[in-house]
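Chains as they are written, first to last, in the UniProt record's numbering: chain A, 1 to 705; chain B, 1 to 705.
2 protein chains.
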Amino acid sequence: MKHLLYTALFCFLVLQSVNSQQLKSPNGKFIMEFTLQKDGTPSYSLNYKDKTVIKPSKLGLELKDDKKSLLNDFTVIDTKTNSFDETWKPVWGEVESIRNQYNELAITLNQKETDRQIIIRFRLFNDGLGFRYEFPTQKNLVYFVIKEERTQFAMTGDHTAFWIPGDYDTQEYDYTTSKLSEIRGLAEKAKTENLSQTSFSPTGVQTSLMLKTADGLYINLHEAALINYSCMHLNLDDKNMVFESWLTPDEKGVKGYIQAPAHSPWRTIIVSDDAREILASKMTLNLNDPCKIEDTSWIKPIKYVGVWWEMISGKSSWSYTDEFPSVQLGVTDFSKAKPSGTHGANNANVKKYIDFAAANGFGGVLVEGWNEGWEDWFGHYKDYVFDFVTPYPDFDVKGLHEYAKSKGVKMIMHHETSGSVRNYERHMDKAYQFMKDNGYDAVKSGYVGSIISNGDNHYNQFMVNHYQYAVEKAAEYKIMVNAHEAVRPTGICRTYPNLIGNEAARGTEYQAFGGSKPNHVTLLPFTRLIGGPMDYTPGIFEMDLSKFSPNNKSHVNSTIANQLALYVTLYSPLQMAADFPEHYNKFPDAFQFIKDVAVDWSESNYLEAEPGQYITVARKAKGTNNWFIGNVNGYEPRTSNINFAFLEKGKKYTATIYADGKEANYKTNPQAYNVRKIQVTNTSKLSQLSAAGGGYAISIIENKK
Amino acid sequence: MKHLLYTALFCFLVLQSVNSQQLKSPNGKFIMEFTLQKDGTPSYSLNYKDKTVIKPSKLGLELKDDKKSLLNDFTVIDTKTNSFDETWKPVWGEVESIRNQYNELAITLNQKETDRQIIIRFRLFNDGLGFRYEFPTQKNLVYFVIKEERTQFAMTGDHTAFWIPGDYDTQEYDYTTSKLSEIRGLAEKAKTENLSQTSFSPTGVQTSLMLKTADGLYINLHEAALINYSCMHLNLDDKNMVFESWLTPDEKGVKGYIQAPAHSPWRTIIVSDDAREILASKMTLNLNDPCKIEDTSWIKPIKYVGVWWEMISGKSSWSYTDEFPSVQLGVTDFSKAKPSGTHGANNANVKKYIDFAAANGFGGVLVEGWNEGWEDWFGHYKDYVFDFVTPYPDFDVKGLHEYAKSKGVKMIMHHETSGSVRNYERHMDKAYQFMKDNGYDAVKSGYVGSIISNGDNHYNQFMVNHYQYAVEKAAEYKIMVNAHEAVRPTGICRTYPNLIGNEAARGTEYQAFGGSKPNHVTLLPFTRLIGGPMDYTPGIFEMDLSKFSPNNKSHVNSTIANQLALYVTLYSPLQMAADFPEHYNKFPDAFQFIKDVAVDWSESNYLEAEPGQYITVARKAKGTNNWFIGNVNGYEPRTSNINFAFLEKGKKYTATIYADGKEANYKTNPQAYNVRKIQVTNTSKLSQLSAAGGGYAISIIENKK
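Below, the structure written as structure tokens:
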């Protein structure tokens, strides 16, 4: 990609010191205005198509143990503008190539009294604004401690927000849709129980935050390139409707240890009057550094199955035995232990999944509960909880690898840390080497429960550094990482495409923990997925869990057609078919779509979108002329109207439509669906009903002459 | 050693449940009595030669988040006694073989209400008592959190104590001698400044604590085998003169996360009416597990010199340049930086030390400040502060190794962590491998400043585990460890003899930081050294630092003869000759003793001892018939009277006596000494004057026929 940077157009011009400065987006739709207020406080505002999106909002940082903060008494001593335009190709993605075009304004501020400089760098794209704080090398600002970042996002009114409560330890909440003024009143109700949670304010929310204004503007607030900095929440002043950054602190209340030269992550504001453009935005990726991995040939999108849903649903167990009150790795002898008989990760069961994967064209098999330690893995603040290399007696690592290999299937490793991150880092090299020695190329890591490292939570700077450390070390071993319960992604997968997946939101597992809202999946692409792909683990066909797990009264709030659509609407280079082989075998015609659907794309067209209500997207499978469409629908039944103009002119295609049955409903009748085939061209139109919590999926295959 | 365990005499007898139980030491001098108080609180008392040493003292643990603690409501459900006698050979030590003889009493207590059992195991030796809490595998006590250990040591009166203030982050205080009742009033004055310190109570003191009673009993309180537990302090109830254990907490106030089966470290009480027996006690080692390293052939005692005192004294610097406001490893380019000209670890200077070591028979050369990062290594809460493998441009790792090798000298590595322990653990494997690749067999590690890991201090359980992790991992690489600023030793060097040294007390460096009390070295063997050898770094000949480091007004409070004696009185398998070659060259006759003295011994005879006043010890060099004597003296000039009965009958020896000059004084005339030779046999006697802060050293070499 480097050469593109050189060919990019640079035009530097040094201007007079001015206290107000405007920046226009390349397409002219956005205007950002930087203003230095009377007391020397930097501020900015943002307009889109002559509408105010962000009212004048203060910028700055409050420092700890420093006589003076970086909040005011600044003067502008330098102003630089720059235009940039490049096109780059992601290793995997929703599209084959991404245009990175923006106009840039860099304001250098000087605080006379302390003789300290900071730079505020704005990048205005055709779909929104990104800005960050930069701390250049200088005499009087070398090491400093952040008490709080004071970045404001002043709203123009009492917008509708699609939000989850701010929390230092979990992101796995259902989304609440409400006016900004209603957040305070709904905060407690919005906090469903979690194994580890730490909230901080009744008006605190997480990013990426989706908003809609009364006059139809869609606004998304998030951050990009979160590296060596603590994760940002937003706290709302609900008198004035002003959001302010709220960084995640450590036990001492410290929100960041900074050494100059350094910079903050980008603060991002994506805006459009068309919700589909929010979903199509590549601004977050563009604000991250280009790929730092030279050889990316080993990074491959993949569909997988695995020994997972049966533990989540309660049908089987991660642990091997019930004999021990506790486990001491290296001391407890499992070879002599009496198996509980419920252990999911046993050779026979794993082979069943390998056979199923091979028979149906899945590239990988994930197995959880394969390694010693699950008998007491959680809730004991246990330091040495797993060693990541010692399997249970009934899990034959080498044998299963050989078996999988003979069937052309890859095993996917699982590393649950139970929050014991020092222990994980101590074993990381051995664990990754063990994976390579046994033919594993991808790992699903987990951080369930409280962090076992005094004073840390899931999203403070120290932990953000840990997740990054794991991804970069994995890259050294050519290992792909799919991190669960880690900090929410911020587009880092551009720089480290071996980060092929994250959970960092409420995934399918919650359908087995009491269920999620039926419109949850119409919100994830507007929120969590703004930062990168999600390992949502869709594909559940058996919605009544009590049928196979008597003690589980949960119901999956989704129709089968909706589950199929998720493979297209929830973009990820890593997609699981999460249900049991026997459940797929009950519905072979529906399962056909999961077998057919691609996981890597050359084009994506968002056809319909409204947060909380519906999303319809068409994607072209990379390296083919075939398309796949997904539609997910919210609470109300709805007729989706789309056309096929995206198809190649003059070509004929066979479209197989997997739709909700007439009586389908996510609760009362989730398994009612029908499959039909029609012929389509680029002039075809489709009017298709989607049930409540339903949707449809379409495969469009070019007709062979 | 195993076979010795088998030959040891075991006699188990299960007794009736009794609420009072006596245990006698093998020599009958000690009687320990266990009593269950009315409310079911376990307690113990200790008698020595019919004198009470410890009055009835409560035992137990207070638990956190547990409905009931492990303090009372116990009943005795089992009592076991056992006698043990073995002799084992340490890899290195003060003596060639150690007898481990004790009578044991194990009381199993049951807490009816909670149906939980704990065992209190007492081992009564001929020189004192050790006991610990054991938590066997059981249903109702698996994982638990310690709020506080409630172990009491009830004194019989207002004893004289030789103490340093309790602190979670430093052990580097001068000792204060006072009555127990005076501790509270002296606590503040006793706290000299340190780079990292956290005190907790005006009557909190550290172990090993030395005490003397009015009727001449010497009592030492400490712990043995501190593994996976937090370090114990003692807090004094100075109304009742009762010490109680005070464990080191983490940021959350937690003092221990325990998983059964587990046990506490041993709590030790060494007692004698002869101070020399306290110094000769091997109880602390005996309470540790036998050596766990199979092949110990690579573990070798050694005398060394190094590039260290010149930085400590301020003559030169650890850092390479003054050019950078801060360093970013891998980014900052030192090859282009302007050297400050004061960098001590440069090739020419290191070669000077290698030449000096080779010329004078020293086995090793330590070099501090060899690796990038010293420009901003301290006080910035800097995570990635060192990588432990990147030398400064003027330090040629391979070249210097080759040069040293050609002269038969070993280089000693230095790993300063600056308290950034996660960073150290991340680099540990690479760092140790780098050492082996470059011929280094030993590392001096450092933990200066606050621990950079949220909520940890130097001595809590999490950090105790770190130091142990470093020692065990070093053993995998056949690397010897000399850890500075780590938790005070508790005899673990028996189990891991590659832990050849620790600082963990106020070392010679403080003679350059304002000076230490002249009787400091008469206390270290009674306190800090009870747990294991100390890398005190003696051998300073130039006491007036301003002579070579103009800005340093410190004075070394010791005579040259005292400095020589330290090589014998402060036992360590690792002894540094800390001063500059040029200073040794000024006093070649005195330096001769440092060249001659051994570092490993077959016998040790403590000839005279009184804490705070004087220590005289004679040691036989392992594998020879030669002896070395050291005498250190406190504030008052004193005539030491010894005889040579320890010499082999009928043999003649030449004794070279390095003594204080007539006018010698640690302050006014520290460099006045004389050297004389006399002939001695096992019937000889010596009367020798030692100056204030002085002493003498004697080498006794058998005459060749």
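Think of the CB as a built atom: it goes at the ideal place given N, C-alpha and C, for glycine as much as any other residue.
With a Cβ-Cβ cutoff of 9 Å, do residue i and residue j count as a contact?
i      : j      : result
B:F334 : B:T342 : no
A:G166 : A:F200 : yes
A:L195 : A:G364 : no
B:Y653 : B:L564 : no
A:P26  : A:Q111 : no
B:A692 : B:Y658 : no
A:I98  : A:P90  : yes
B:H466 : B:V421 : yes
B:G455 : A:K662 : no
B:R123 : B:L59  : no
B:T508 : B:P611 : no
Quick check: the Cα distance between residue i and residue j, rounded to an integer number of angstroms?
i      : j      : result
B:M210 : B:Y536 : 19 Å
A:H520 : A:T559 : 13 Å
A:A161 : A:E503 : 22 Å
B:S17  : B:V145 : Because B:S17 carries a pLDDT of 41, less than 50, the predicted location of this residue cannot be relied on, and the following value inherits that uncertainty. Taking the straight line from one Cα to the other gives about 29 Å.
A:D295 : A:E86  : 21 Å
At the 9 Å Cβ level, is residue i part of the contact set with chain B, yes or no?
i      : result
A:D85  : no
A:Y469 : yes
A:E425 : yes
A:D660 : no
A:R506 : no
A:L4   : Caution is warranted here: a pLDDT of 43 is assigned to A:L4, below 50, making its placement in the model unreliable, and no coordinate value can be reported.
A:G455 : yes
A:N502 : no
A:I700 : no
A:Y173 : no
A:Q111 : no
If we cut at 9 Å on Cβ distances, does residue i have a partner in chain A?
i                      : result
B:K68                  : no
residue 719 of chain B : Outside the displayed range of chain B (1 to 705) lies residue 719 of chain B, so it cannot be described from this structure.
B:A8                   : Any reading at B:A8 needs caution, since the residue's pLDDT is 38, under 50, leaving its predicted position unreliable; the model's value is listed next. Output row for B:A8: interface = no.
B:P611                 : no
B:E603                 : no
B:R422                 : yes
Between the options, which has its C-alpha nearest residue i's C-alpha?
i      : options                           : result
B:P393 : B:H466, B:A348 and B:K55          : B:A348
A:V205 : A:E472, A:D85, A:Y653 and A:L221  : A:L221
A:M32  : A:L109, A:Y673 and A:D127         : A:D127
B:F580 : B:K398, B:F356 and B:T569         : B:F356
B:T192 : B:I219, B:R506 and B:A577         : B:R506
A:V397 : A:Y424, A:L366, A:V421 and A:R426 : A:L366
A:S699 : A:V675, A:I629 and A:V680         : A:I629
A:E148 : A:L105, A:Q461 and A:P533         : A:Q461
B:L529 : B:S230, B:D215, B:G515 and B:V568 : B:V568
A:S43  : A:D441, A:I227, A:N72 and A:L63   : A:N72
B:G216 : B:N235, B:L236, B:D274 and B:K179 : B:D274
A:A431 : A:F395, A:A474 and A:C291         : A:A474
Write down the C-beta distance between residue i and residue j rounded to the nearest angstrom, noting that I regard them as a contact closer than 8 Å.
i                      : j      : result
residue 706 of chain A : A:P573 : A query on residue 706 of chain A cannot be resolved here, the shown segment of chain A reaching from 1 to 705 and no further.
A:T137                 : A:P261 : 5 Å
A:M155                 : A:M241 : 4 Å
B:Y496                 : B:I293 : 7 Å
A:A344                 : A:W377 : The question names Ala, but residue 344 of chain A is Gly in the sequence shown. In fact, because the Cβ distance is near 14 Å, the residues do not count as touching under 8 Å.
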